[in-house]
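S.K.:
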Amino acid sequence: MTGSPSASDPEPGAHDGADADADGTTDTAIAAVEGELSTLFNRVRDAMRSAAERLHPELSTAGYRTLATLERRGPMHSGALAELLETDKSSISRQISALDRLGLLQRSPDPDDGRATILSVPPETAERMRAIRSSRQALMHEELRRWEAGDVELFAVLLRRITALDMRGASTAQTGGQSGAGPEPTA
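Structure, rendered in structure tokens:
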């Protein structure tokens, strides 16, 4: 895999399925991809848990995700935060209370509406989050620098194709009554 994908070929190896192999090697390869993605999801979950614990020993992964969204997107109302995280307002309210109790969240009155509150990440919390993220990124960069540039570029293209999938739309009708398109992920 040393050739880099070109702009005219954004989907290397894509085909319409008409030439699928009869011996099942494609299905075997797909199962291997699903297994590796499950492992990746588990590692990401573990990394999130570790990052949360490094920030504060009582911080949950959901709380860390909430803080990371605020840190990345900037100050906002709780309703906007709930929308971004695709969760209900009561869940966000519980997260905000926990983050506030741990001293990891800053609340400010909305200058346009005195009844509303703007949520943000205090500078010292944001700095600690950046340091945690930086150490994790350094590990990834160190590994990917060992790869050939074309392999890294191809990996990015293939990951983009996977992350573009909206798996929330998978229905039981598409899978013959099963709850998903394959084995349940463990993440």
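Going letter by letter, the sequence shown gives residues 927 to 1113 in this note's numbering. From the three backbone atoms N, C-alpha and C, an ideal C-beta is built for every residue, glycine too.
Which residue wins for smallest C-alpha separation from I1044, given the options E1050, R1033 and A1052?
M.R.: Among E1050, R1033 and A1052, the Cα nearest to that of I1044 is on R1033.
S.K.: By a C-beta neighbour count over all protein chains shown, 10 Å radius and 16 as the cutoff for buried, is G1095 buried or exposed?
M.R.: With fewer than 16 Cβ atoms within 10 Å of its Cβ, G1095 is classed as exposed.
S.K.: Does T1051 pass the burial test, meaning 16 or more other C-beta atoms within 10 Å, or should it be called exposed?
M.R.: Counting Cβ neighbours within 10 Å, T1051 comes out buried, since at least 16 surround it.
S.K.: Within 10 Å of its beta-carbon, does Q1063 have 16 or more other beta-carbons around it, so buried, or fewer, so exposed?
M.R.: It counts as exposed.
S.K.: By the DSSP assignment, the beta strand (DSSP E) with P1049 in it spans what residues?
M.R.: Run containing P1049: none in the beta strand (DSSP E); it sits in the alpha helix (DSSP H), P1049 to L1070.
S.K.: How about L985 and S1046: do their beta carbons lie closer than 8 Å?
M.R.: Their beta carbons are not under 8 Å apart, which means L985 does not touch S1046 by this criterion.
S.K.: For the candidate residues L993, D1036 and I956, whose alpha-carbon lies nearest to that of Q1021?
M.R.: Of L993, D1036 and I956, the residue nearest in Cα terms is L993.
S.K.: Taking the alpha-carbon positions, what's the R1086 to D1026 distance?
M.R.: Cα-Cα distance, rounded: 35 Å.
S.K.: Suppose contacts are defined by Cβ-Cβ distances below 8 Å. Is D1014 in contact with A1008 by that definition?
M.R.: Yes.
S.K.: Can you have a look at L1031 and say buried or exposed, based on whether 16 or more other CB atoms are within 10 angstroms of its CB?
M.R.: Burial call: buried.
S.K.: Between which residues of its own chain and W1073 is the CB-CB distance below 8 Å, once the five residues before and five after are set aside?
M.R.: Here the set comprises F1081.
S.K.: Rounded to the nearest angstrom, how far is the Cβ of L981 from that of I1058, given a contact under 8 Å?
M.R.: Yes, they are in contact, since the Cβ atoms of L981 and I1058 sit about 6 Å apart, within 8 Å.
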